[in-house]
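Q: Take this structure first; my questions come after.
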Amino acid sequence: MAPSSPIVVIIAASIVFGAPRAFAAGATSPDWPCVQRKIATLTSAQMWDGAPVDQLTQWRDSEEMTKLIAVLASRRVPPGAMEVYVVGKRWMWKTQHMTGQREINELHVPIGIPVKLTMTSEDVIHSFFIPAFRVKQDAVPGRYTTAWFEATKAGEYHLFCAEYCGTKHSQMIGSIKVMEPGAFQTWLAGGTAGSPAQEGEKLFQSLACITCHRADSQGRGPRLEGLFGKTVRLTGGATVVADADYIRESILNPTAKVVDGYQPIMPTFQGLVSEEGVMQLIAYIQSLQQPGTETTVAPVAGGNKIQEGGASPAPRTP
Ligand code: HEC
Ligand SMILES: [Cu+2]
């Protein structure tokens, strides 16, 4: 007999919000004893005075619960994931690797390494769908969403757009090319483009951001070194964590949040820079963490909204 839905919701919510330890940042699998203790408390008779405890106990040990926990746990991107940027655009998928390689309607990935996708859209809502990997995540204009998967078998897999996005929606298709790690490295070495951070640096110069944001603090705008992940004080006293969404907003809508102590003189770059360009600028700003070293782009640093933005459950391939 299926448990009634309010109970399911209460238990699910308690696990998600009540046992954060069970889903420690970066963990690929939940802390089982912690989850089990939580469920034990929730299903104890004292908690549910008069409630059908037998039913709850039954459900606690059920397959659904195990699946629910697996799904919740699978939202976390495993550490050491390879990152890829994805931009949906009527009617194609543009992907870019951290080494700089770009692809259109194709994505090459190696076997055995988790792949984290950070995606957005340049126009309407699209949905990045790889049925074979059970990956389906909306690419939404104006925000970043994430998904991850780990391929286990070489081959070619279908990529679709699963959100009707206009007349040529059905042509918005592509393929995921899963390669042996050695072959993938060879493929990756074949590209000549710069990394997103390097491309971002070029944009930073060509868009003249550098005239106001100077490393020597002599510019009219704040220094951006060390900004990523930091808490920023705004005019009016509010604070905000400088994550990817904040930096994106700073570039496209600078007056939305003005940094305390500065004049709102930054012009908007809306229409002057593509979504890919914005991602590259973010990658560049993120690379300014430790002077002199270019860190890999990982828009997942502590407290970053991107991480919570909507990772889709992505179990490994069968
Ligand atoms: C005309 C000068 C000027 C230019 C050009 C300019 N900015 Fe700014 N920027 C500012 C000022 C002033 C602020 C602080 C006030 C505010 O938040 O609007 C700022 C704020 C920011 C912030 C938030 C900084 C913080 O400490 O929270 C980011 C990120 C940023 N700019 C990025 C850029 C990028 C990327 C470009 C180029 C595409 C750019 N800016 C071009 C003047 C400029
Ligand atoms: Cu689409």
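For the sequence shown, position 79 matches number 88 in the working numbering, and the numbering has no gaps at all.
By construction, the Cβ of each residue, glycine as well, lies at the ideal position given by its N, Cα and C atoms.
1. For the beta strand (DSSP E) holding glycine 97, just list the boundary residues, first then last.
2. Apply the 10 Å Cβ neighbour rule to glutamate 172 and answer buried if 16 or more other Cβ atoms are within range, or exposed otherwise.
3. Taking 7 angstroms as the cut-off, is the CB of phenylalanine 237 close to at least one heavy atom of ligand 1?
4. Which residue spans inside the segment 247 to 273 form an unbroken alpha helix (DSSP H) run of at least 4?
5. Checking 8 angstroms against the spacing of the C-beta atoms, do methionine 288 and proline 205 come in under that value?
6. For serine 184 and aspartate 147, what's the separation of their Cα atoms in angstroms?
7. Rounded to a whole number of angstroms, what is the C-alpha to C-alpha distance between alanine 192 and glutamate 112?
8. State yes or no: is the C-beta of tryptophan 196 nearer than 7 angstroms to some heavy atom of ligand 2?
9. Only counting the same chain, and skipping five residues up and downstream in sequence, which positions put a Cβ closer than 6 angstroms to that of serine 259?
10. By the 10 Å Cβ neighbour count, where 16 or more other Cβ atoms means buried, how is glutamine 279 classified, buried or exposed?
11. Helix or strand or just coil, what does DSSP make of methionine 128?
12. Could you pull the DSSP bridge partners for threonine 176 from this structure?
13. Suppose contacts are defined by Cβ-Cβ distances below 8 angstroms. Is glutamate 284 in contact with valine 96 by that definition?
14. In angstroms, rounded to a whole number, what distance separates the CA positions of glutamate 115 and tyrosine 255?
15. When the Cα atoms are used, what is the spatial distance from serine 226 to histidine 117?
16. Shorter than 7 angstroms, the distance from the beta carbon of glutamine 272 to the closest heavy atom of ligand 1, or not?
17. Can you tell me which residues fall inside 5 angstroms of ligand 2, judged by beta-carbon distance to its nearest heavy atom, and keep chain order?
18. Less than 7 angstroms between C-beta atoms, sequence neighbours within five positions excluded: which residues of the same chain meet that for leucine 243?
19. Return yes when the C-beta of threonine 264 is under 7 angstroms from any heavy atom of ligand 1, and no when it is not.
20. Cβ of proline 231 within 7 angstroms of any heavy atom in ligand 1?
21. Per DSSP, what kind of secondary structure is methionine 107 in: helix, strand or coil?
22. For glutamine 279, name the three-state secondary structure that DSSP assigns.
23. Under a Cβ-count criterion, where at least 16 other Cβ atoms within 10 Å of its own Cβ denotes burial, should lysine 125 be classed as buried or exposed?
24. Taking the C-alpha atoms as reference points, what is the distance between arginine 232 and histidine 222?
25. Using DSSP with H/G/I as helix, E/B as strand and the rest coil, what is isoleucine 297?
26. With 16 other CB atoms within 10 Å as the buried threshold, where does arginine 257 fall?
27. Any heavy atom of ligand 3 closer than 7 angstroms to the Cβ of threonine 248?
28. Around the Cβ of glutamate 92, are there at least 16 other Cβ atoms within 10 angstroms (buried) or fewer (exposed)?
29. If you count every other CB in all the chains shown that lies within 10 Å of the CB of proline 273, and 16 or more means buried, which is it?
30. Please identify the residue among Gly121, Glu73, Leu261, Asp252 whose C-alpha is closest to the C-alpha of valine 282.
31. Assign serine 179 to buried or exposed, taking buried as 16 or more other Cβ atoms, counted over all protein chains shown, within 10 Å of its Cβ.
A: Straight from the coordinates:
1. If you number the sequence shown from 1, residue 97 lands on position 88. 91 to 98 is the extent of the beta strand (DSSP E) around glycine 97.
2. For the purposes of this step, residue 172 is taken as residue 163 along the sequence shown, with counting starting at 1. When all chains shown are included, glutamate 172 counts as buried.
3. Taking the sequence shown and counting its residues from 1, the one referred to as residue 237 is at position 228. Because no heavy atom of ligand 1 lies under 7 angstroms away, the Cβ of phenylalanine 237 does not count as near it: no.
4. 253 to 261
5. Here residue 288 is taken as the residue at index 279 of the sequence shown, counted from 1. Here residue 205 is taken as the residue at index 196 of the sequence shown, counted from 1. Yes. Within cutoff.
6. The count along the sequence shown starts at 1 and reaches residue 184 at position 175. The count along the sequence shown starts at 1 and reaches residue 147 at position 138. Serine 184 and aspartate 147: Cα-Cα distance of roughly 17 angstroms.
7. Along the sequence shown, read from residue 1 onward, the residue named residue 192 stands at position 183. Along the sequence shown, read from residue 1 onward, the residue named residue 112 stands at position 103. Cα-Cα distance, rounded: 17 angstroms.
8. Counting from 1 along the sequence shown, the entry for residue 196 is found at position 187. Checking every heavy atom of ligand 2 against the Cβ of tryptophan 196, none is found closer than 7 angstroms.
9. Stepping through the sequence shown from its first residue, residue 259 is reached at position 250. Closer than 6 angstroms at Cβ, skipping near neighbours: no residue.
10. In the sequence shown, residue 279 corresponds to position 270, counting from 1. Exposed, by the Cβ-count rule.
11. The sequence position of residue 128 within the sequence shown is 119, counting from 1. Methionine 128 falls in the strand class under three-state DSSP.
12. The count along the sequence shown starts at 1 and reaches residue 176 at position 167. Paired residues: none, contrary to the question.
13. Walking along the sequence shown from the start, residue 284 turns up at place 275. Walking along the sequence shown from the start, residue 96 turns up at place 87. Yes. Within cutoff.
14. Position 106 of the sequence shown, counted from the start, is the residue given in the question as residue 115. Position 246 of the sequence shown, counted from the start, is the residue given in the question as residue 255. Roughly 29 angstroms between the two C-alpha positions.
15. For the purposes of this step, residue 226 is taken as the residue at position 217 of the sequence shown. For the purposes of this step, residue 117 is taken as the residue at position 108 of the sequence shown. C-alpha separation (whole angstroms): 41 angstroms.
16. Here residue 272 corresponds to residue number 263 of the sequence shown, with the count starting at 1. Within the cutoff, so yes.
17. His135, Cys170, Cys174, Met181
18. To locate residue 243, count along the sequence shown from 1; it is residue 234. These residues qualify, in order along the chain: Val249, Lys266, Val267, Val268, Asp269.
19. Position 255 of the sequence shown holds residue 264. True, at least one ligand heavy atom lies under 7 angstroms from that Cβ.
20. Position 222 of the sequence shown, counted from the first residue, corresponds to residue 231. Because some heavy atom of ligand 1 lies under 7 angstroms away, the Cβ of proline 231 counts as near it: yes.
21. Looking up residue 107 in the sequence shown gives position 98. Note: methionine 107 maps to coil in three-state DSSP.
22. As a position in the sequence shown, residue 279 is number 270, starting the count at 1. Coil at glutamine 279, not helix or strand.
23. In the sequence shown, residue 125 corresponds to position 116, counting from 1. So lysine 125 ends up on the buried side.
24. Position 223 of the sequence shown, counting from 1, holds the residue named residue 232. Position 213 of the sequence shown, counting from 1, holds the residue named residue 222. Roughly 5 angstroms separates the two Cα atoms.
25. Numbered from 1 along the sequence shown, position 288 holds the residue referred to as residue 297. In the sequence under discussion, the amino acid at residue 297 is leucine, which differs from the isoleucine named in the question. Leucine 297: coil per DSSP, three-state reduction.
26. The residue given as residue 257 occupies position 248 in the sequence shown. Buried, because 16 or more other Cβ atoms sit within 10 Å of the Cβ of arginine 257.
27. Ligand 3 is absent from the structure shown, which contains only ligand 1 and ligand 2.
28. Along the sequence shown, one-based indexing puts residue 92 at 83. Buried: at least 16 other Cβ atoms inside 10 Å.
29. Mapped onto the sequence shown, residue 273 falls at position 264. With fewer than 16 Cβ atoms within 10 Å of its Cβ, proline 273 is classed as exposed.
30. Position 273 of the sequence shown, counting from 1, holds the residue named residue 282. When each option's Cα is compared against that of valine 282, the closest is Leu261.
31. Numbered from its first residue, the sequence shown carries residue 179 at position 170. Looking at its Cβ environment, which holds fewer than 16 other Cβ atoms inside 10 Å, serine 179 is exposed.
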